[in-house]
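Some notes on the structure that comes next.
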Amino acid sequence: MSSHAREHPPGDLTGTRPAGPPARPAEGDARRRLATLGALLLTFTALPAAVLVVPDASGDVVPAAASALALGDAEIPGLLHATGLSLPALLVTVPPAAVAARRLPAWGVLMAGLAVLLAGIGAAGLARSLPDIGAVRAVQGVGAGLMLPASLVLVWERRNRALAAAWAGALAGTLILAMPLALKAVPVPADGAAVPDWRAALAPCPLLAVAAAVAAIAHPLLRGRRRRRPPALRRAERGRLLLVLVPAGGFAFLSVVAAHGWSPGARLLLAGLTLLALAGLALAGGRDAAAGGPSGGAGAMIAVGLLSQPVAGPLAGLAAAEAGAGAPPLLPFAVAAAAALAGALAATRAGTRGAVRTGHLLMISAVPLGLAGGALGRWALLAPLVPLGAGAGLALAASLRDARVGAALFGLSLCFPAVLAGQLLVLSLQAGRLERIRPLTDAQHVRALSEGYRIWLVVAGVAAVLLAGATARLCARHAAAPRPRAARLPGNAAADPGAG
């Protein structure tokens with residue numbers, strides 16, 4: 024064979040090397056980057072669009088809504104109850120939606136949720152009565168409940184640790200930022216009786232849902248034809264998810280009933296019993312690493328749900344009332360949300376048990392900082408909010424790092440009942456202070472709400488310590504248990520995000 028033949032293989036008429044085989048790895052890397060980009064777009068659009076259904080920012084538009092709907096003073100509580108139906112509808116929808124996202128294509132479940140959410144947002148401008156308002160808010164809650172587990176499954180399909188951490192940080196950060204964003208989007212009443220459109224409080228951030236729809240439509244194009252699916256849904260996993268539906272549905276129903284005439288003490292008892300039930304489910308499910316995760320993901324989800332929105336939401340309302348404006352300063356809440364994302368990403372490079380423990384300690388430290396703070400100015404709010412956000416993101420991402428998708432969904436199904444329990448606790452404590460003090464002026468009213476909120480911080484701190492202890496016990500139990508040896512898979516081909 025001649026030297027010319029050795030230098031240029033057969034078929035290479037131009038004297039260059041074939042471009043096919045070396046280009047395949049590059050093409051695969053480009054496809055993976057596009058698929059990761061698609062999952063990130065969903066994480067930062069669909070997840071916030073769903074969580075922003077939770078806050079109820081209708082307080083500032085009550086006079087305008089009552090005037091437009093010709094409501095008497097006795098019907099005002101019914102208006103507030105109708106606008107608050109989104110969260111009960113959401114938490115009832117999450118468990119069956121989690122099963123659907125595991126049995127059916129998760130992208131289809133996400134698109135169905137987006138369609139329902141957009142329908143609820145579009146119908147908000149057509150609300151003409153209290154039943155209309157309640158139906159609109161409930162439909163929005165159902166749509167958000169479908170989207171949340173579907174977005175989680177789509178992220179878990181990538182089997183990427185950093186992407187799963189970004190999802191956890193986005194969830195924690197949006198829970199903190201949701202109420203300030205909703206208050207900022209609601210028009211401020213000029214004279215207490217008329218606003219440009221009071222129905223804006225029923226759907227405060229519609230453009231985010233539109234952006235989520237665009238990201239969802241683009242997701243299959245960015246992902247390509249090849250996609251990874253999590254392991255098949257097991258009967259035990261389905262049973263655990265549907266088991267949560269029983270206490271969640273009962274609590275959602277009782278919370279709606281409790282809003283009609285129950286005393287603050289009775290509502291406090293209901294919320295306390297619900298938290299005990301959620302902790303019991305987390306402990307029972309945590310005995311199996313496939314259900315609760317090896318790092319106590321269910322307990323961390325409950326802690327994040329209990330402390331994030333129920334602590335940051337009322338604080339935003341108090342800050343707005345003290346400033347005399349219709350909306351609180353957004354900067355400290357945005358910094359706290361960024362701290363949640365940074366903490367979640369930091370969890371990918373830290374030891375799991377230490378990160379979970381540190382995250383809980385940071386969340387607990389936010390309580391005394393909130394109690395010590397007197398003023399509610401822009402910079403004073405950073406003291407409790409930043410450790411709350413960083414701790415929530417760190418604890419949640421670390422606890423889910425080595426969890427299977429079923430364990431992550433199980434924890435998610437417990438998160439929003441904890442959010443509702445926290446809301447019921449803080450609102451009941453504030454209502455109790457209002458009944459006792461019976462304020463006559465606006466300043467006295469704000470002071471009574473602040474006192475009730477401070478009592479809630481003490482309760483939240485005690486609950487956070489107990490949840491941190493339960494999570495640490497679960498971590499220690501799984502660390503001491505013998506682990507079966509599994510085959511090591513290369514790169515991102517592992518079965519779970521924690522291994523990729």
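Residue numbers for the sequence shown, in my numbering: 24 to 523.
C-beta: ideal position from N, C-alpha, C; glycine also.
On a predicted model such as this, the values are computed, not experimentally measured, just so you know.
Just so you know, the alpha carbons of R263 and A323 end up roughly 17 Å apart. Within the model, the alpha-carbon separation for A232 versus A426 is close to 29 Å. The alpha-carbon of G455 is positioned some 53 Å away from that of R56. Taken in chain order, the whole alpha helix (DSSP H) runs of length 4 or more contained in the region 392-458 are 405-423.
Only residues of its own chain outside the window of five on either side were considered, and among them V159 have a CB closer than 6 Å to the CB of A146, listed in chain order. Sorting A491, I478, A294 by C-alpha distance to the C-alpha of A441 places A294 at the top. Nearest Cα to A161 within the set F67, A123, A275: A275. Using a 10 angstroms sphere on the CB of Q446, the tally of other CB atoms reaches 16 or more, which defines it as buried.
Taking the Cα of P78 as reference, the smallest distance to any Cα among D96, L113, L65 is reached at L113. With fewer than 16 other beta carbons inside 10 angstroms of its own, L299 counts as exposed.
Fully enclosed alpha helix (DSSP H) runs of no fewer than 4 residues occupy 320-346, 353-369 of the region 319-388, in order along the chain. Pairing A187 with L423 gives a Cβ-Cβ distance under 8 Å.
In the structure shown, the three-state DSSP call for V76 is coil.
The three-state reading of DSSP puts S473 in helix, counting H, G and I together. Remark: three or more beta-carbon pairs, one from each stretch, lie closer than 8 Å, so the region 330-349 and the region 196-205 are flagged as touching. Counting only runs of 4 or more residues that sit fully inside the region 99-124, the alpha helix (DSSP H) segments are 99-106, in chain order.
As the crow flies, the alpha-carbon of L364 is around 6 Å from that of G416.
DSSP places S81 in no alpha helix (DSSP H); its state is neither H nor E. The Cβ neighbour count for Q467, taken over all protein chains shown within 10 Å, is under 16; the residue is labelled exposed.
R246 counts as buried, since no fewer than 16 other beta carbons sit within 10 angstroms of its beta carbon. Between H104 and A282, the C-beta spacing is below 8 Å. Under the 10 Å beta carbon count, V237 is surrounded by fewer than 16 other beta carbons and is classified as exposed.
The C-alpha of R376 is placed about 43 Å away from the C-alpha of A142. Scanning A223, V482, A413 for the CA closest to the CA of L394 turns up V482.
Judged by DSSP in its simplified three-state form, H242 adopts helix. Here H283 carries a coil assignment [DSSP, helix/strand/coil]. The beta carbon of P462 sits closer than 6 Å to those of H468, A471, all from its chain and outside the five residues before and after it, given in chain order. Nearest neighbour of F439 by Cα position, chosen from I144, P270, A80, G51, turns out to be P270. A direct Cα-Cα distance of roughly 21 Å separates A93 from V209. Minimum Cα-Cα distance from R125 among the listed residues A62, R258, P287 corresponds to R258. In the structure shown, the three-state DSSP call for A58 is helix. If only complete runs of 3 or more residues are kept, the region 124-183 shows no beta strand (DSSP E) anywhere. Put simply, the backbone Cα of L368 is about 23 Å away from that of L490. With respect to the 8 Å criterion, K207 and A373 are not classified as neighbours on the basis of their beta carbons.
Taking a C-beta distance under 8 Å as the contact criterion, P118 and L265 qualify as a contact pair. CA-CA distance, G434 to L304, rounds to 10 Å.
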